[in-house]
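Quick notes on the structure that follows.
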Amino acid sequence: MNLKHTNVAKTSPGTVTVEFHGEGNELITVRMAADQEIDERSSILRAKAMMVQLAAFDDNAQAEAVAGEGDSIGTILANEDE
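In terms of the working numbering, the sequence shown has 158 at position 11, counting the first letter as 1, and numbering is strictly consecutive.
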């Protein structure tokens, strides 16, 4: 993903949402429990850390799934079941 910009929003009490926007309408959203006092930079760093942990500790079947150019999420998920 080629990151273009990032949005941070305190969506509800105790919740922060970080959106990573890339080229071609790519979007990764991380919603997490957080103190309302957390700043934007800390929210982004924490969201990135969560994604790294998810990727590092995910099972091998999902780690082997690679999205090709233009693959929809439905196609990727269908391929995981094979």
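No residue lacks a Cβ here, since even glycine has one placed at the ideal position from N, Cα and C.
These figures come from a predicted structure and were not determined experimentally.
Rounded distance between the beta-carbons of residue j and residue i, thought under 8 Å
| i | j | result |
| --- | --- | --- |
| residue 153 | residue 168 | 7 Å |
| residue 151 | residue 170 | 6 Å |
Residue of the options minimising C-alpha distance to residue i
| i | options | result |
| --- | --- | --- |
| residue 182 | 151, 150, 156 and 166 | 156 |
| residue 190 | 148, 151 and 166 | 166 |
Residue i - DSSP class collapsed to helix/strand/coil
| i | result |
| --- | --- |
| residue 210 | Note that residue 210 scores a pLDDT of 47, beneath 50, so its modelled location is shaky and nothing firm can be said. |
| residue 148 | coil |
| residue 167 | strand |
Residue i vs residue j beta-carbon contact at 8 Å
| i | j | result |
| --- | --- | --- |
| residue 188 | residue 162 | no |
| residue 173 | residue 197 | no |
Which residues DSSP lists as bridging residue i, in chain order
| i | result |
| --- | --- |
| residue 189 | Residue 189 is not bridged to any residue. |
| residue 174 | 168 |
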